[in-house]
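Chains as they are written, first to last, in the working numbering: chain H, 38 to 305; chain Y, -16 to 249; chain V, -1 to 244. For reference, the structure discussed in these notes is given below.
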Amino acid sequence: MLPLEGQRSGDSRKRGGPFMTRVAVLRLSVIAAGFALLELLCRTGIIPAFTFPPPSSIVVSALNILASGRYASDMQVTLGNVAASIASAMIVGIVVAIVVHALPAVRRVLEPLFGTYYAIPMFAFYPLLIVLFGLGNLPQVAIGFLLGVMAVVINTLNGLDRVPHVFDKVAHVLRLDPTAAAWRIRLPYASPYVFTGFKLAVAYSFVGVIGAEFITSSKGVGYQIAFAYNNFDNNTMYALIALVLTIVIAVNMMLHAWERRLLARRQR
Amino acid sequence: MTGAEGGDAHVVLSAITRVYEGRPLDLALARGEFFAVVGPSGCGKSTLLDVIAGLARPTSGTVVFEGARVEGRVPDGVGVVFQEDASFPWLTVHDNIAFGLKYTSVAADEALARVDYAIAFMGLTDFRTAYPAQLSGGMRQRVCIARTLVQKPRLILLDEPFGALDQQTRLLMGDELLRLWRETGATVFLITHALDEAAMLSDRIGVMSARPGRFLEIMETHWPRTRDSTIVGNDDFGRLTSRLWTQLRGESIRALGHAGAVGVNQ
Amino acid sequence: MKWRDPLLLIVVLLLLWQALYFFAGDIALSSPLATMRRLAQMLGDPRFVPHVLETLSAFLQAFVLAVLLGLAIGIALGAHRLTGEVAEPILVALYSIPKVTLYPIILLIFGIGMPAKVAFGTIQGVVPVALFTMNAIRNVNPVFNRTARVQNLSSIAWVRDVLVPATLPEIVTGIRVGFSLALIGTLLGEMFGAQRGLGFLLMQAMSLHNMPNIMAVTLLLVLFAAIVNTALLGIDRRLRRRSGAA
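Quick look at the structure:
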């Protein structure tokens, strides 16, 4: 779970040029060395194969699983639920932020909730949601939504706060009604902040949906990992864990690249 | 082009007050005239512009534009350019300018033609697909002016539009503005703190006092309509600027002294 | 006046809960009053209290470990520019992956019991503390350090009078986030694989469809998290106001 607002210092990016690639090369070498060390420890039996199989064999079984398509339907369920939870968090989060931004009195009352929301262990509500919604997809989507929505609200509000006053005047001069002003001017201006909220909603949705599948569910990758664990099927378990983490990291990196492209247009 | 109470008054301000501005203010702008307001900082120049535009309501008094009262919304035919960079950073130059027509009933092909014209007129042809972040401050202000231009405004209000630009750019932008004024035949109301800018551009200059703001004097420049920035070498230009400064010096000191006193007290 | 808005918020939330109860009925929910009564009753029950203490103990150990480890990692990465730049994206990636998928591995290593629970909490809580600490140190205004050098401060004086005051607000924020995540981590671990603790009780109540118990335990957790977070947020804001970074 990420900090609410972009904490990055950004120096590695600004510097650019050869230094940047040097850092990237170093980073890749560090990661590769880590895997090599792990492989060595596993192959020499210092880490027992039952606790942790060598990374290379995890990769092989992960590729086998992908080729066999054995867990394709579980992947689909999980990714579908993640997508549903991201979409709902974005739509509700943005609308709530626009409304709350327009009503300062309501916002003042809600302010303590914004500060406390992420301290609340949201998974504690999962049993409640299961009893309420049954064992379908809804409880998992709901947990992902609950985790993601507040990040969207808080970051969108933060962005809307930064819209310069002159843009409100421009909206008046161009004779936009309040809804058009919100959607066509304020929200686009705030979009880098909304994007931060979006990135968090994506991360939280994965955490929420997979976490929920882990605890109790009847399908999904999280469920299959837990199932493999309970059946001492370590090969499958590690392969699925590797797949899930690869997907999540790949998605996060894609979002990061997309964000940089969007920001490049707006920064000198 | 003395305007005032004449028959062809385009904009008429009657007995305007805002809470903190003392005496009621009257002003009539003739159709097609270039009127500039100078005054010390904080005298309420920008508020006056907001009132004319319908962006702010006066405490009392009325603004009439083309025979209709301006109340709470910006009337059709009025364009405003602000000092702050108001170009939309998420849109290209072309889309920024086209945005000015998005919420009007102008037909699509007509809108495109007007956007193309405004882009060419403001010298932005090479930058139509650029984003504002890639442009200089002066170029971005051209984008904002072009966005206003496509609406074919009959009254253009400018709130220190070149305030954030360097001196050379300001003079050149002044020429652009004169060209635009001649081309469109619009009435122009310009707020500025630069005396030379007011002296070079306007038909009439309203000199405002320190708060509470009111017009100390309204000077006529008698410049020909075809003027440009080369008149800064003119003797009349020097005399005009120095007369403006004589009027404003005391007011500026008052404004400064006032601010200074506040600073000491805090 | 200061308490008016939070109180109003609590009243609104209680009213919403009550309204939901009227709408959904006894089978789906228990009312606020009934939940509080059940919670009071449970807290007086000698069979319940050990579960609370178990979770509390696991969480506190995880939290302390997360803070200590996080500070150590953050200081190490913050002190050396290149190391920090190499490590930052890795830390951020670690931050946004669902670490819950690693739980089976932890159980394989530690087996079910207290050490596994502490590990669950620690792996969730350590990353934000490390990340915030690293950024706090990296973002110390260089002018402060130059001033310190001009004044010939000793290293101890530099740490005490420049580094700590300059980085503390940011680090406290990291600790606050780490607190929340360590609690979530511990609880998730108990829900996934444990035989004791509040997370275990929640799962047990769920399988028995015992709504009053689910809601009472959830309420207890929410109250605990909200109260501690409010206190930490208070410290956080006071430090930030003092250092002028709102």
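Beta carbons are placed, not taken as given, at the ideal position from N, Cα and C, and that holds for glycine. A quick note: this is a predicted structure, and the numbers were derived from the prediction, not measured.
Measure from the C-beta of residue i to each C-beta in chain Y and report whether the shortest distance is under 7 Å.
{"i": "L224/H", "result": "no"}
{"i": "V200/H", "result": "no"}
{"i": "H293/H", "result": "no"}
{"i": "L211/H", "result": "yes"}
{"i": "V207/H", "result": "yes"}
{"i": "S46/H", "result": "With a pLDDT of 40 at S46/H, under the threshold of 50, the modelled position of that residue is not reliable, and the figure given next carries that caveat. Chain Y contact via Cβ: absent."}
{"i": "V203/H", "result": "yes"}
{"i": "R297/H", "result": "no"}
{"i": "R302/H", "result": "yes"}
How would you label residue i, buried or exposed, when you count the other beta carbons within 10 angstroms and need 16 or more for buried?
{"i": "G15/Y", "result": "buried"}
{"i": "V119/Y", "result": "According to the sequence as given, residue 119/Y is Ser; it is not Val. Under this definition S119/Y is an exposed residue."}
{"i": "Y100/Y", "result": "exposed"}
{"i": "Q150/Y", "result": "exposed"}
{"i": "H202/H", "result": "exposed"}
{"i": "G171/H", "result": "exposed"}
{"i": "F269/H", "result": "exposed"}
{"i": "V143/H", "result": "exposed"}
{"i": "F198/V", "result": "buried"}
{"i": "V137/H", "result": "buried"}
Say whether chain V places a C-beta atom closer than 7 Å to the C-beta of residue i.
{"i": "G248/H", "result": "yes"}
{"i": "G43/H", "result": "Residue placement at G43/H is flagged as unreliable, the pLDDT there being 40, under the threshold of 50; the coordinate-derived value follows with that caveat. Not an interface residue."}
{"i": "M38/H", "result": "Because the pLDDT of M38/H is 38, which lies under 50, any placement of that residue in the model is unreliable, and the number read from its coordinates should be weighed accordingly. At least one chain V Cβ lies under 7 Å of M38/H."}
{"i": "M32/H", "result": "Only positions 38 to 305 of chain H appear in this structure, which leaves residue 32/H out of reach."}
{"i": "M187/H", "result": "no"}
{"i": "I22/H", "result": "Residue 22/H lies beyond the range of chain H shown here (38 to 305); nothing can be said about it."}
{"i": "F269/H", "result": "no"}
Kindly identify the DSSP beta-bridge partner or partners of residue i.
{"i": "E49/Y", "result": "Per DSSP, none; premise fails for E49/Y."}
{"i": "F220/Y", "result": "Beta-bridge pairing links F220/Y to no other residue."}
{"i": "I214/Y", "result": "In DSSP, I214/Y forms no bridge with anything."}
{"i": "G62/Y", "result": "I139/Y"}
{"i": "E203/Y", "result": "R187/Y"}
{"i": "V47/V", "result": "Per DSSP, none; premise fails for V47/V."}
{"i": "F323/Y", "result": "The structure shown does not extend to residue 323/Y, since chain Y is modelled only from -16 to 249, so the question has no answer here."}
{"i": "L219/V", "result": "Beta-bridge pairing links L219/V to no other residue."}
{"i": "T0/Y", "result": "S43/Y"}
{"i": "F198/Y", "result": "M191/Y"}
{"i": "A265/V", "result": "With chain V covering -1 to 244 only, the question about residue 265/V has no answer from this structure."}
Within 7 Å of any Cβ in chain H, is that where the Cβ of residue i sits?
{"i": "A32/V", "result": "no"}
{"i": "V63/Y", "result": "yes"}
{"i": "D24/V", "result": "no"}
{"i": "L7/V", "result": "yes"}
{"i": "L38/Y", "result": "yes"}
{"i": "A69/Y", "result": "yes"}
{"i": "L199/V", "result": "no"}
{"i": "P41/Y", "result": "no"}
{"i": "A116/Y", "result": "yes"}
{"i": "V254/Y", "result": "This structure cannot speak to residue 254/Y, because chain Y is shown only from -16 to 249."}
{"i": "P4/V", "result": "yes"}
{"i": "G55/Y", "result": "no"}
{"i": "R35/V", "result": "no"}
{"i": "P72/Y", "result": "yes"}
With a threshold of 7 Å between beta carbons, is residue i in contact with chain C?
{"i": "E83/V", "result": "Absent from the structure is chain C; the protein chains it does hold are H, Y and V."}
Any heavy atom of the ligand ZN closer than 6 Å to the Cβ of residue i?
{"i": "P23/Y", "result": "This structure lacks the ligand ZN, and indeed carries no ligand of any kind."}
Discussion item. Please list, in chain order, the residues of the region 137 to 149 of chain H that have any C-beta partner in chain V closer than 8 Å.
Written reply: R145, V146, L147, E148, P149
Discussion item. Please list, in chain order, the residues of the region 204 to 233 of chain V that have any C-beta partner in chain H closer than 8 Å.
Written reply: M204, H207, M209, I212, M213, V215, T216, L219, V220, A223, A224, V226, N227, T228, L231
Discussion item. So if I threshold CB-CB distances at 7 Å, which residues from the region 179 to 196 of chain V count as touching chain H?
Written reply: L179, L181, I182, L185, L186, M189, F190
Item to complete: Could you name each continuous alpha helix (DSSP H) segment of 4 residues or more that falls completely within the region 142 to 190 of chain Y, going from the start of the chain to the end?
Response: Within the region 142 to 190 of chain Y, the complete alpha helix (DSSP H) runs of at least 4 residues are 150 to 167, 178 to 184.
Discussion item. Please identify, using Cβ separations under 7 Å, the residues of the region 153 to 166 of chain H that lie next to chain V, in order along the chain.
Written reply: T153, Y155, A156, I157, P158, F160, A161, F162, P164, L165
Discussion item. Under 9 Å, CB to CB, which of the residues in the region 89 to 113 of chain V have a partner in chain H?
Written reply: V90, A91, Y93, S94, I95, P96, K97, V98, T99, L100, Y101, P102, I103, L105, L106, I107
Item to complete: May I ask you to list, following chain order, the residues of the region 64 to 77 of chain H that have a beta carbon less than 8 Å from some beta carbon of chain V?
Response: R64, V67, I68
Fill in: Those runs of the alpha helix (DSSP H) which lie wholly inside the region 166 to 236 of chain H and span at least 4 residues
175 to 198, 202 to 210, 215 to 218
Worksheet item: Residues in the region 216 to 240 of chain H with C-beta within 8 Å of chain Y's C-beta atoms, listed in sequence order?
Response: The residues in question are A217, R221, I222, P225, Y226, S228.
Discussion item. Any C-beta of chain H within less than 8 Å: which residues of the region 135 to 154 of chain Y qualify?
Written reply: none
Worksheet item: Taking any Cβ of chain H, which residues in the region 205 to 219 of chain Y have a Cβ under 8 Å from it, in chain order?
Response: Residues: none.
Worksheet item: Using a Cβ cut-off of 7 Å, which residues of the region 135 to 160 of chain V contact any Cβ in chain H, in chain order?
Response: R136, N137
Worksheet entry | In chain order, each alpha helix (DSSP H) run of at least 4 residues that lies wholly inside the region 69 to 97 of chain V | 79 to 94
Discussion item. Output needed in chain order: residues of the region 79 to 96 of chain H with a Cβ under 9 Å from some Cβ in chain V.
Written reply: F87, T88, F89
Fill in: Chain-ordered residues of the region 39 to 55 of chain V with a beta carbon less than 8 Å from chain H
Under the 8 Å Cβ criterion, the region 39 to 55 of chain V contributes no residue.
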